[in-house]
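Only one structure is covered here, and it is reproduced in the block below.
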Ligand SMILES: [Cu+2]
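Written as C-alpha cells, this is what we have:
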C-alpha cells in the first residue's frame with residue numbers, strides 16, 4: 006500500500022512537472038564529432054562506386070538536415086561550384102565554399118569515409134567531383150534546386166567544361182567514417198589483386214570485346230615468302246575435307262612487296 010502511494014505521488018509529480026519544464030532532446034546522433042538532433046534528417050548520398058556518379062543527384066534538404074556523403078569505390082570529392090562555372094571550385098573566390106577533399110574507398114575496406122554537410126540555408130548548391138574527368142563525366146549534384154532544369158543545365162555545362170579543377174581546403178562539412186554495414190551501398194565486387202585488401206594497381210580499361218569473343222586466340226607467326234611463291238593453305242576446321250573438294254585449300258600467290266622491308 007505504501008509502495009503504491011509513493012509511486013502514485015511520483016507519477017503525479019512527473020506529470021505535474023512536464024508542462025512547466027523545458028523540453029530537452031537527449032536523442033542526439035554523433036557523426037564523428039558533429040552532433041545533430043535525431044529529429045533532423047540524415048540524408049545519405051552515395052559518391053562513386055561502380056560508376057562515377059552521385060546517387061541521388063538531386064537532393065531536397067531543409068535547414069538543419071545533414072547530407073551525409075558516403076564514399077564508395079574510387080577516389081572522389083564533393084566540391085562546390087556555381088551553375089555558371091562548372092568543374093571549378095567556388096573556393097577560389099569564396100573560402101567558405103564546400104570541399105570534402107579526396108576520400109578513397111578501396112577493396113576490402115570495412116569502413117566508409119563520409120563527409121557530413123549540414124544544410125545551413127536554403128541556397129541552391131551546385132556540387133561536383135574534382136577527381137580526374139569525373140565532373141565532365143557527369144558526377145554532379147544539385148541540392149535544393151529551384152527548378153527541374155538546373156540539374157540538366159549543370160550536367161550539360163559540366164560535360165562541356167574544359168578542365169576539372171580541384172578544391173584546396175576541406176570546408177563546409179566534417180570528414181568522418183561509418184561501418185560498411187551501415188552504408189547505403191554495397192561495394193563493387195572485389196577485383197583480383199594482392200591479398201590484404203591493398204588497392205589493385207590501376208588497371209587499364211579493358212578493350213572492347215572483339216566480334217569473335219569466345220573463339221580461342223591463336224598466336225600467328227608471319228612468315229613472308231619471296232615474291233611470286235605460290236602457297237597452299239589448308240582450311241582448318243572443315244569436317245571431312247576430302248569430300249569437299251575445292252573448299253579445303255586456298256592458293257595464294259605472294260604479291261610484290263609494296264615497300265622495301267628494313268634490312269635484317
Ligand atoms: Cu569522382
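Numbering (the numbering used here), first residue to last: 6 to 269. No residue lacks a Cβ here, since even glycine has one placed at the ideal position from N, Cα and C.
Less than 8 Å between the CB atoms is what I'm expecting for residue i and residue j, so what's the real figure, rounded?
{"i": "residue 96", "j": "residue 107", "result": "About 14 Å separates the two Cβ atoms, so there is no contact after all."}
{"i": "residue 185", "j": "residue 116", "result": "6 Å"}
{"i": "residue 91", "j": "residue 163", "result": "4 Å"}
{"i": "residue 123", "j": "residue 178", "result": "7 Å"}
{"i": "residue 119", "j": "residue 73", "result": "5 Å"}
Using a threshold of 7 Å, is the CB atom of residue i nearer than that to any non-hydrogen atom of ligand 1?
{"i": "residue 104", "result": "no"}
If you draw a straight line from the alpha carbon of residue i to that of residue j, how long is it in whole angstroms?
{"i": "residue 156", "j": "residue 134", "result": "15 Å"}
{"i": "residue 139", "j": "residue 128", "result": "24 Å"}
{"i": "residue 93", "j": "residue 195", "result": "33 Å"}
{"i": "residue 189", "j": "residue 176", "result": "23 Å"}
{"i": "residue 167", "j": "residue 192", "result": "31 Å"}
{"i": "residue 89", "j": "residue 159", "result": "8 Å"}
{"i": "residue 78", "j": "residue 54", "result": "4 Å"}
{"i": "residue 49", "j": "residue 113", "result": "21 Å"}
{"i": "residue 62", "j": "residue 174", "result": "23 Å"}
{"i": "residue 46", "j": "residue 170", "result": "31 Å"}
{"i": "residue 142", "j": "residue 83", "result": "15 Å"}
{"i": "residue 100", "j": "residue 85", "result": "11 Å"}
{"i": "residue 136", "j": "residue 81", "result": "6 Å"}
{"i": "residue 60", "j": "residue 52", "result": "7 Å"}
{"i": "residue 121", "j": "residue 75", "result": "9 Å"}
{"i": "residue 149", "j": "residue 187", "result": "25 Å"}
{"i": "residue 132", "j": "residue 144", "result": "9 Å"}
{"i": "residue 161", "j": "residue 67", "result": "27 Å"}
{"i": "residue 154", "j": "residue 38", "result": "36 Å"}
{"i": "residue 165", "j": "residue 125", "result": "30 Å"}
{"i": "residue 111", "j": "residue 64", "result": "26 Å"}
{"i": "residue 57", "j": "residue 146", "result": "12 Å"}
{"i": "residue 151", "j": "residue 87", "result": "14 Å"}
{"i": "residue 172", "j": "residue 70", "result": "24 Å"}
{"i": "residue 130", "j": "residue 102", "result": "10 Å"}
Residue i by DSSP, collapsed to three states: which one?
{"i": "residue 58", "result": "coil"}
{"i": "residue 114", "result": "coil"}
{"i": "residue 75", "result": "strand"}
{"i": "residue 105", "result": "coil"}
{"i": "residue 186", "result": "helix"}
{"i": "residue 48", "result": "strand"}
{"i": "residue 158", "result": "helix"}
{"i": "residue 176", "result": "strand"}
{"i": "residue 163", "result": "helix"}
{"i": "residue 90", "result": "coil"}
{"i": "residue 130", "result": "strand"}
{"i": "residue 146", "result": "strand"}
{"i": "residue 181", "result": "strand"}
{"i": "residue 224", "result": "Confidence at residue 224 is low in this model, with a pLDDT of 41, below 50, so its placement is unreliable and the value that follows should be read with caution. If DSSP states are grouped into helix, strand and coil, residue 224 belongs with coil."}
With respect to 7 Å, is the separation between the Cβ of residue i and the closest non-hydrogen atom of ligand 2 below this value?
{"i": "residue 143", "result": "Of the ligands one can find in the structure shown, namely ligand 1, none is ligand 2."}
- Task: Give me every residue whose Cβ sits closer than 5 Å to any heavy atom of ligand 1, in chain order.
- Result: Ordered along the chain, residues surrounding ligand 1 are 57, 81, 134, 136, 139, 144 [Cβ under 5 Å from any heavy atom].
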